[in-house]
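Data first, discussion second: the structure below is written as C-alpha cells.
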Amino acid sequence: MMAVGSSGSPTHWRRKRVREPCKKLVFYFHDIIYNGHNSKNATSAIVGSPAWGNRTILAGQNHFGDLVVFDDPITLDNNLHSAAVGRAQGFYIYDKKEIFTAWLGFSFVFNSTEHKGSINFAGADPLMNKTRDISVIGGTGDFFMTRGVATLSTDAFEGEVYFRLRADINLFECW
Amino acid sequence: MMAVGSSGSPTHWRRKRVREPCKKLVFYFHDIIYNGHNSKNATSAIVGSPAWGNRTILAGQNHFGDLVVFDDPITLDNNLHSAAVGRAQGFYIYDKKEIFTAWLGFSFVFNSTEHKGSINFAGADPLMNKTRDISVIGGTGDFFMTRGVATLSTDAFEGEVYFRLRADINLFECW
Amino acid sequence: MMAVGSSGSPTHWRRKRVREPCKKLVFYFHDIIYNGHNSKNATSAIVGSPAWGNRTILAGQNHFGDLVVFDDPITLDNNLHSAAVGRAQGFYIYDKKEIFTAWLGFSFVFNSTEHKGSINFAGADPLMNKTRDISVIGGTGDFFMTRGVATLSTDAFEGEVYFRLRADINLFECW
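This is the structure:
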C-alpha cells in the first residue's frame, strides 16, 4: 500500500505491499548425486570439497564444504520418471559442520509450450527442516523480472544418492 | 500499471508495470581461461572440477562440473585491447553433460568517471544459444538498487581459451 | 516518486524512489579459516582452488581462485565471544590476481526471538577498501521480499585466519 499525499499523488512506496502471490507454481525436482558407480543416471556431482574430503563421496562433518553442481529434471508430480518440464540447474554448498545445511544458487529453466524462460533462486537451505524458504531473485522470459519466495521441502530421499525436492513457488512481483 | 481504488488511492501494485528500460547499457567482456601455458594473460581459472576432471583442462561431458573464477576486463567495443572501463568478476559453473550450459554469478565493477558502482548478475546461461537472458539482481553506487535483465551473446571465441561476451543490459528499476 | 497522470492515476513507477531505508541493521560476523591446525575453531574452509593452489593454505596471487565456504557466528557487537544471534552462511571466491577482491554469495540466518528468517546477499567485495557495498537480493520470514544494500567493512583481522566483518544493512524495500 502506498502513501498518498494530500494532493492525491503518491509520495513513495515504502509502505507495506499486498502479500498475495501474483502467481503460484508447484514443481518437483530430482537430484541424483554421482557416487562413483552411477555415472549414467547421475544428475549432479561433487566438484569442490574441503581438504579432508574428496569429490566422489560426500565428506564427514555433515558434508561441510562439499560443492555440488546439478542439472536436475523438473516434473509436475513426484515421479522421477514423469516427463521433464524443465531443468533445475546450478549448485549447492553444504555449509555447516553440526547439521545438514546448504546454500543454493540455481535456476529453473523452461522451454516448453507451457513455460518459456527462467526463474532464478538463491538462499540458505536448512535442509533438515520440513520446509524452508529461499528467495526468487529474478526471472526471464515468461518470468521476466519476477521476485518471490520458494518453499522447499524434501519429498523423498534414498541414502545419500537420490533427493526429491518439492518447490512451492510464490511470486509476489509479476510484470 | 497499478490498480487504483475508487477513492483514487492506489491499493497495491500487483499489476503489470511498464516494460520500457529506465537505462540501457552495452558492454563487452573478455575471458581468457588458464590452460597451463598462459598464466600471464589468463583472466580466469578452473578452481573446481568433478572427480573425473582436473583444474588445468576443461573436463569432458561438455565441461560438466567445472567451476571457473574470472576477473575479466570490460570494454566498450569488441576489442580486447581497448581500454578497460571496468571488471567483470565472479564465477561460472558448467552444469550440463549433454551440451554447454553454465550458471553464472558475477558483478560488473566500475570505478571510472563514467560509472562508479557495481551491477550484480545471476542466472542460467545456455551458452550455445545465440542470445540468453540472465537477471540483474541488484546494484550499488550509480546502480543503487537496480534490477533488470541482461542479454548475453558470444561475440567471438578462440578454441577453449578466449571467449568474448557481449552484454546488453536493460534496467527496469532505477532509483 | 511515481509519475502521476493528469487523471490522478499513477501511470508507472519508473521514476526515482525515496532513498531512506525502511530498516537499518548492524551486525558483526566472524570468519575463522581452516588452516590445517584449527579444525576445532574454524568456521570456514577452502573447498576450491586453482591448479597452483591447495585447500589448506590460501593460494598465491592474492588467493585468486580460492573458494571458501563459511558458517560464521553473527554477533551484535565486535566480540567474537558474544552470544551469536544468527549465522552467516555461504561462500566467497577470491577473484583477482593483483589485489584482494572476492565475490560473495551468502545469507544471514536468524532464529531468535528478535529475528526469524533470512537475508540473502550477493556482490563484489573489493576487500581492501575501507567500506564496500553489496546487494541484499531477497529475504524470507521477518525479511520477506526485502531488498537493499549492505555496507561491509573489515573491523579486524589476525593474519590470514581470523576476519571480523561489520555489516551495515540498509533495507529499502520492506513488505
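Chains as they are written, first to last, in numbering that gives the first Met the number 0: chain W, 0 to 174; chain H, 0 to 174; chain F, 0 to 174. Yeah, the Cβ is synthetic: ideal placement off N, Cα and C, and Gly gets one too.
task: Could you confirm whether any beta carbon from chain H is found closer than 9 Å to the beta carbon of A44(F)?
output: Here residue 44(F) refers to the residue found at position 45 when the third sequence is read from its first residue. So no, A44(F) is outside the interface.
Boundaries of the alpha helix (DSSP H) in which H62(F) is found, first to last residue: Numbered from 1 along the third sequence, position 63 holds the residue referred to as residue 62(F). G59 to H62 is the span of the alpha helix (DSSP H), which, as asked, contains H62(F).
query: Alpha carbon to alpha carbon, what distance is there between I98(F) and S48(F)?
result: Residue 48(F) sits at position 49 when you count from the first residue of the third sequence. Residue 98(F) sits at position 99 when you count from the first residue of the third sequence. S48(F) and I98(F): Cα-Cα distance of roughly 17 Å.
task: Assign S117(H) to one of two classes, buried (16 or more other C-beta atoms within 10 Å of its C-beta) or exposed (fewer than that).
output: Numbered from its first residue, the second sequence carries residue 117(H) at position 118. Buried: at least 16 other Cβ atoms inside 10 Å.
query: Any C-beta of chain H sitting closer than 9 Å to the C-beta of P125(F)?
result: Counting from one through the third sequence, the residue named residue 125(F) turns up at place 126. Yes - at least one Cβ of chain H is within 9 Å of the one on P125(F).
Same chain only: Cβ atoms within 6 Å of V25(W), ignoring 5 sequence neighbours per side: Within the first sequence, the letter at position 26 stands for residue 25(W). Contacts found: D167.
- request: Can you give me the Cβ contacts of D76(F) inside the same chain, cut-off strictly under 7 Å, excluding the 5 residues immediately before and after it?
  value: Looking up residue 76(F) in the third sequence gives position 77. Taken in chain order, the residues that qualify are Y27.
Start and end residues, beta strand (DSSP E) containing V135(H): Counted from its first residue, the second sequence places residue 135(H) at position 136. Element bounds for V135(H): R131 to G140.
message: Less than 8 Å separating the Cβ of I118(F) from some heavy atom of the ligand ZN?
response: Summarising the ligand content, the structure contains no ligands, and the ligand ZN is consequently not present.
- prompt: In terms of residue numbering, what span does the beta strand (DSSP E) encompassing S106(H) cover?
  reply: Counting from 1 along the second sequence, the entry for residue 106(H) is found at position 107. Unbroken beta strand (DSSP E) run through S106(H): A101 to N110.
message: If I measure Cβ to Cβ from R146(W) and keep anything under 6 Å in the same chain, skipping five residues before and after, which residues do I get?
response: Residue 146(W) sits at position 147 when you count from the first residue of the first sequence. Excluding positions up to five away in sequence, the list reads V135 and E172.
query: Roughly how many angstroms separate the alpha carbons of F109(W) and G89(W), rounded to a whole number?
result: The residue you call residue 109(W) lines up with position 110 of the first sequence. The residue you call residue 89(W) lines up with position 90 of the first sequence. Distance between the alpha carbons of F109(W) and G89(W) is about 14 Å.
- prompt: Taking all protein chains shown into account, do 16 or more other C-beta atoms lie within 10 angstroms of the C-beta of T42(H), making it buried, or fewer, making it exposed?
  reply: Numbered from 1 along the second sequence, position 43 holds the residue referred to as residue 42(H). Buried, because 16 or more other Cβ atoms sit within 10 Å of the Cβ of T42(H).
query: How big is the Cα-Cα spacing for G158(H) and A44(H)?
result: In the second sequence, counting from the first residue as 1, residue 158(H) sits at position 159. In the second sequence, counting from the first residue as 1, residue 44(H) sits at position 45. Between G158(H) and A44(H), the C-alpha separation is close to 15 Å.
query: Can you list the residues of chain F that K95(W) reaches, using a CB-CB cut of under 8 Å?
result: Mapped onto the first sequence, residue 95(W) falls at position 96. Per Cβ cutoff of 8 Å: D70, R86 and Q88.
message: Is R165(H) close to chain W? Criterion is C-beta to C-beta, closer than 9 Å.
response: Taking the second sequence and counting its residues from 1, one reaches residue 165(H) at position 166. By this cut-off, R165(H) is not an interface position.
- prompt: Would you say A82(F) faces chain H, with C-beta separation under 9 Å as the test?
  reply: Along the third sequence, one-based indexing puts residue 82(F) at 83. Chain H, which has no Cβ nearer than 9 Å to the Cβ of A82(F), makes this no.
Three-state secondary structure (DSSP) of R16(F): Locating residue 16(F) in the third sequence gives position 17, where the first residue counts as 1. R16(F) falls in the coil class under three-state DSSP.
message: Can you give me the C-alpha to C-alpha distance between A149(W) and L126(W), rounded to a whole angstrom?
response: Numbered from its first residue, the first sequence carries residue 149(W) at position 150. Numbered from its first residue, the first sequence carries residue 126(W) at position 127. Taking the straight line from one Cα to the other gives about 14 Å.
- prompt: Alpha carbon to alpha carbon, what distance is there between D154(F) and F142(F)?
  reply: Your numbering for residue 142(F) matches position 143 in the third sequence. Your numbering for residue 154(F) matches position 155 in the third sequence. Taking the straight line from one Cα to the other gives about 25 Å.
field: Contact belief for K22(H) with L170(H) at Cβ below 8 Å, rounded distance in angstroms
entry: Position 23 of the second sequence, counting from 1, holds the residue named residue 22(H). Position 171 of the second sequence, counting from 1, holds the residue named residue 170(H). Confirmed, Cβ separation roughly 4 Å.
- prompt: Which of the three DSSP states, helix, strand or coil, is assigned to L126(W)?
  reply: Taking the first residue of the first sequence as 1, we reach residue 126(W) at position 127. In this structure, L126(W) counts as coil in the three-state DSSP scheme.
query: Do you know offhand how far D71(W)'s Cα is from A87(W)'s?
result: Translated into positions along the first sequence, residue 71(W) becomes position 72. Translated into positions along the first sequence, residue 87(W) becomes position 88. Distance between the alpha carbons of D71(W) and A87(W): 5 Å.
- request: Check I31(W) in the structure and name its three-state DSSP category.
  value: By one-based count along the first sequence, residue 31(W) stands at place 32. If DSSP states are grouped into helix, strand and coil, I31(W) belongs with the strands.
- prompt: What are the boundary residues of the beta strand (DSSP E) that includes G47(F)?
  reply: The residue given as residue 47(F) occupies position 48 in the third sequence. It spans S43 to G47 - the beta strand (DSSP E) in which G47(F) sits, taken as one unbroken run.
message: In whole angstroms, give me the CA-to-CA distance for T130(F) and A121(F).
response: As a position in the third sequence, residue 130(F) is number 131, starting the count at 1. As a position in the third sequence, residue 121(F) is number 122, starting the count at 1. Whole-angstrom Cα-Cα distance: 15 Å.
- request: Give the DSSP bridge partners of N77(F), in chain order.
  value: Start at 1 with the first residue of the third sequence, and residue 77(F) comes out as number 78. Bridge partners of N77(F): none, in fact.
query: With 16 other CB atoms within 10 Å as the buried threshold, where does N119(W) fall?
result: On the first sequence, residue 119(W) is found 120 positions in, with the first residue counted as 1. Flag for N119(W) reads buried.
- request: Tell me, to the nearest whole angstrom, how far the beta carbon of W102(W) is from that of R16(H); I am working on the premise that it is less than 8 Å.
  value: Within the first sequence, the letter at position 103 stands for residue 102(W). Within the second sequence, the letter at position 17 stands for residue 16(H). About 31 Å separates the two Cβ atoms, so there is no contact after all.
- prompt: Grouping DSSP H, G and I as helix and E and B as strand, with all else coil, what is M0(F)?
  reply: Here the question's residue 0(F) lines up with position 1 in the third sequence. Any reading at M0(F) must be qualified, since the residue scores a pLDDT of 33, below 50, and its modelled position is unreliable; no value is offered.
task: Let me know if S106(H) comes out buried or exposed under the rule of 16 or more other beta-carbons within 10 Å of its beta-carbon.
output: Taking the second sequence and counting its residues from 1, the one referred to as residue 106(H) is at position 107. Buried, since its Cβ has 16 or more Cβ neighbours within 10 Å.
CB of K96(F) within 9 Å of CB of F63(F), strictly: Residue mapping note: residue 96(F) aligns to position 97 of the third sequence, counting from 1. Residue mapping note: residue 63(F) aligns to position 64 of the third sequence, counting from 1. Closer than 9 Å, so yes.
- prompt: Between L66(W) and I92(W), what straight-line distance do the alpha-carbon atoms span, to the nearest angstrom?
  reply: As a first step, residue 66(W) must be located in the first sequence, where it is residue number 67. As a first step, residue 92(W) must be located in the first sequence, where it is residue number 93. Whole-angstrom Cα-Cα distance: 4 Å.
- prompt: Are the C-beta atoms of T180(H) and some chain W residue less than 9 Å apart?
  reply: In the structure displayed, chain H extends from 0 to 174; residue 180(H) sits before or after that span and is not available.
field: Neighbouring residues, chain F, relative to L66(H) (Cβ below 8 Å)
entry: Residue numbering aside, residue 66(H) sits at position 67 when the second sequence is read from its first letter. By Cβ distance, chain F contributes G47 and L66.
Beta-carbon contacts of F162(H) that lie in its chain and below 6 Å, excluding the five residues immediately before and after: Position 163 of the second sequence, counted from the first residue, corresponds to residue 162(H). Answer for F162(H): D30 and F156, listed in chain order.
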